[in-house]
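Heads up, the thing below is written out as C-alpha cells.
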Amino acid sequence: MGIPAHREAELLAQVPTGLLIDGEWRDAAGGATFDVEDPSTGKVLLSIADASTEDGALAMDAAAAAQESWARTAPRERGEILRRAFELVTERAEDFALLMTLEMGKPLAESRGEVTYGAEFLRWFSEEAVRVSGRYSTSPDGKSRLLVTKKPVGPCLLITPWNFPLAMATRKIAPAVAAGCTMVLKPAKLTPLTSQLFAAVMMEAGLPAGVLNVVSTTLAGDVTGPILKDPRLRKVSFTGSTAVGQGLIRDAAHNVLRTSMELGGNAPFLVFADAHLDKAVDGAMAAKLRNMGEACTAANRFIVQDTVADEFAERFAARVGAMTTGRGTEDETKVGPLIDAKSRDKVHSLVTDALDGGARALVGGAPEEGPGYFYQPTVLKDVAPDARILKEEIFGPVAPIVTFSTEDEAVALANNTEFGLVSYVFTSDLNRGLRIGEKLESGMLGLNAGVVSNAAAPFGGVKQSGLGREGGAEGIEEYLYTQYTGIADPYAG
Ligand code: NAD
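Numbering (numbering that gives the first Met the number 0), first residue to last: 0 to 492.
Structure, rendered in C-alpha cells:
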C-alpha cells in the first residue's frame with residue numbers, strides 16, 4: 000500500500016518551478032535550474048529555477064517597492080489574507096503533507112502533523128494582526144503626553160531550513176504579513192518545493208504583488224549577501240545552524256539590522272526516579288524520533304537517574320527497536336530517511352565515536368543499505384562523558400543515555416552545553432519540576448511533555464540557540480518597531 004505514483008506526479012506538476020518576484024513566477028536570470036531529490040530514493044523529483052545574485056536584487060527591489068503601500072493596508076485586510084491562507088492550506092492538507100514527505104522524507108502521518116502546526120501560524124497571526132496596540136500617557140511631571148505606537152520594521156529577509164519545510168516558513172511569513180512587512184524568502188535548497196507551493200497559496204489568498212518574493216537557490220550566500228548589505232532591508236530572520244547564524248549576525252551588523260535567530264539545540268531530557276516511566280518513554284519517543292530526530296528540539300542527551308536508568312533504557316530500546324524505517328509514503332513507515340548522505344555519515348561518525356569510547360548499542364548503531372539515506376533507530380547506553388555525541392547536535396534517530404545520582408548533578412549535566420533551546424524534565428514531583436525549570440538555561444521547557452511546539456507559545460532559545468521568539472503574542476513583536484511621539488502639554492495653550 001501507500002501513495003500511487005500517478006498521485007505523486009500530479010502533485011509535482013502543480014508546484015510552481017519559477018522564482019516569485021513582484022507577483023510573477025519567472026525563470027532565473029540566465030535560465031539556471033537545480034534538481035530537488037527524494038531522500039528515500041535519491042531520485043530527482045523536480046527541477047526548479049536557481050536564483051542568482053541578480054534575481055535576489057530584483058526580489059529586494061520588489062519588496063522595497065511594495066513596503067509603503069503594504070504597511071498602510073488595514074490590519075483586518077492583512078488578517079483576512081492570512082485567514083484565507085489558513086483555509087486554503089487546510090483544504091490542501093494532503094497535498095502539502097505528501098509534498099513534504101516527498102522532498103524531506105518524513106512519514107506522511109508526521110507531515111500531516113506539520114501541516115496542522117504550520118497552518119496554525121496563519122490562523123494565529125490572522126488574529127494577532129488586529130491586536131497590535133500602543134499607549135497614551137502623561138509624563139511624570141505632567142508637562143507632556145507620551146504617545147507610543149508600533150510600526151512594521153520594513154522589508155525582511157527570511158531564511159528557512161529543510162527540516163520543517165512548511166512550518167518554518169509560516170512561522171516567519173505569517174507574523175511579517177500581520178505586521179505589515181514585505182519580504183524575500185530564501186528556502187533551503189534541499190526542500191524548496193513546499194515553499195514554492197505555499198507561496199502560490201499566499202497569492203491565491205490575495206497577497207498583493209511584491210509582498211512575498213521567493214528566491215530558491217543553490218547559491219545561498221551569493222543571493223543573501225548583497226540583500227543583507229542593501230540599505231532598504233530592515234530585518235533578517237533565520238532558522239538554521241548556529242554556524243550559519245553567526246555569519247549572518249556578522250553580516251547584519253553592516254546595516255545594524257533587526258535579527259531573529261532560531262539556531263541549533265542540544266536538548267537534555269531528564270528522567271527522575273519518581274517519574275511515571277511509561278510516560279517518560281512516550282515522551283522520549285516523541286522528543287527523539289519525531290522528524291527522524293532531525294529537529295532543533297530533538298532530545299540530544301538522555302540524562303536518567305541511576306536507580307531507574309536500566310529499566311528506562313530497556314523499555315525505551317524495546318520501543319525504538321520496533322520502529323520500521325522506510326519511504327514516508329508507505330503506511331507502515333514510522334521512521335523515514337535522513338535528508339542526505341552527508342547527514343547520515345555525520346550521524347554514523349558520532350555513533351562510532353561513542354562506541355569506540357565504551358558505549359553499548361542496545362538497538363541499532365549502523366546505517367541501512369541504500370537506496371536512500373536511512374539510519375537504524377539507535378539507543379546507546381554507558382556513553383562516556385567526553386563523547387562527541389553529547390556535545391554536538393545529532394540530527395538523527397540516535398539516543399545516547401547517561402546517568403546521574405543527585406538533582407544538582409542532573410542540572411549541571413543539562414546546562415553543560417553552549418546551546419539553550421529546550422529541556423525536557425520528567426518527574427511526578429511538580430515542585431521539583433518547577434525548581435529544576437528555574438535552574439535550566441533554556442528558552443523552553445517540556446515538563447512531563449516530549450513536544451513543546453505550539454503556535455500560541457513563544458518559541459526560541461538562549462545562549463547559542465538564538466535570539467528572539469517566534470509564535471505567541473511575542474512573535475509579531477519581532478516584525479514591529481516602537482515609535483514614541485512626545486506631545487506638548489495640551490493645557491499649556
Ligand atoms: P543550515 O544552517 O545549513 O541552513 C539553513 C538555511 O540557511 C538554508 O536555507 C541554507 O540554504 C541557508 N544558508 C546556508 N549557508 C548560508 C549562507 N552562507 N548565507 C545565507 N544563507 C545560508 O541549517 P539546516 O541544515 O538547513 O537546518 C538544520 C539546522 O537548523 C539545525 O542546526 C537545527 O537545529 C536548526 N533549526 C533550528 C530551529 C529553531 O527554531 N531553533 C528550527 C529548525 C532547525
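A virtual CB, placed ideally from N, CA and C, is assigned to each residue, including glycine.
Can you find a heavy atom of the ligand NAD that lies under 8 Å from the Cβ of residue i?
i	result
V334	no
K142	no
N162	yes
K287	no
G179	no
T241	yes
P396	no
P186	yes
L165	no
I158	yes
T238	yes
A27	no
G244	yes
G474	no
E392	yes
A168	no
A454	no
G460	yes
E261	yes
C295	yes
T32	no
S51	no
E469	yes
G493	Nothing in the structure corresponds to residue 493, since the chain is present only between 0 and 492.
G112	no
L247	yes
L420	yes
G223	For the sequence presented, residue 223 should be read as Thr rather than Gly. T223 Cβ: within cutoff of the ligand NAD.
G292	no
G264	yes
G465	yes
L276	no
L189	yes
Run the CB neighbour count on residue i, radius 10 Å, all protein chains shown included, and call it buried at 16 or more, exposed below.
i	result
S132	exposed
K228	exposed
D428	exposed
G474	buried
A177	buried
A454	buried
R343	buried
P489	exposed
H5	exposed
V214	buried
Q245	exposed
Y483	exposed
G363	buried
K380	buried
Q13	exposed
P230	exposed
G452	Reading off the sequence, residue 452 comes out as Ser, not Gly. With 16 or more other Cβ atoms within 10 Å, it is buried.
Tell me, to the nearest whole angstrom, how far the beta carbon of residue i is from that of residue j; I am working on the premise that it is less than 8 Å.
i	j	result
T169	F237	Not really, about 16 Å apart at Cβ, beyond 8 Å.
G442	V461	5 Å
F418	G263	6 Å
L18	A48	5 Å
Q304	A283	Going by Cβ atoms, the distance from Q304 to A283 rounds to 14 Å, so no, they are not a contact pair.
T258	L466	6 Å
A274	F425	4 Å
A298	Y423	6 Å
I338	M103	7 Å
V410	I435	6 Å
P399	A358	7 Å
T89	L45	24 Å between Cβ atoms; not a contact.
K219	V235	The amino acid at residue 219 is misidentified as Lys; the sequence shows Ala. Contact flag wrong, Cβ pair sits at about 13 Å.
P396	Y372	Wrong, their Cβ atoms sit about 12 Å apart, outside the cutoff.
V152	R25	With a Cβ gap of about 27 Å, V152 and R25 do not count as contacting.
At least one CB of chain B closer than 9 Å to the CB of residue i: is that the case?
i	result
A8	Considering every chain present, this structure includes no chain B. It has just one protein chain.
CB of residue i to nearest heavy atom of the ligand FAD: below 8 Å?
i	result
G55	In the structure shown, the ligand FAD is absent; the only ligands present are the ligand NAD.
Problem - Segments of 3+ residues assigned as beta strand (DSSP E) that fall wholly inside the stretch 42-105 - result: 43-48
Practice task
Pick out the complete beta strand (DSSP E) segments inside the stretch 202-230, 3 residues or longer, and give them in chain order.
Solution key: Within the stretch 202-230, the complete beta strand (DSSP E) runs of at least 3 residues are 211-213.
Exercise for the section: May I have a chain-ordered list of the beta strand (DSSP E) segments no shorter than 3 residues that lie completely inside the stretch 349-400? Expected result: 359-362, 377-380
Exercise for the section: Please go through the stretch 284-333 and give each complete beta strand (DSSP E) segment of 3 or more residues, from N-terminal end onward. Expected result: 298-304
Problem - beta strand (DSSP E) runs contained entirely in the stretch 404-474, provided each spans 3 or more residues - result: DSSP runs (the beta strand (DSSP E)) wholly in the stretch 404-474: 421-425, 443-446.
Problem - Contained alpha helix (DSSP H) runs [length at least 4] in the stretch 166-191, N- to C-terminal order - result: 166-178
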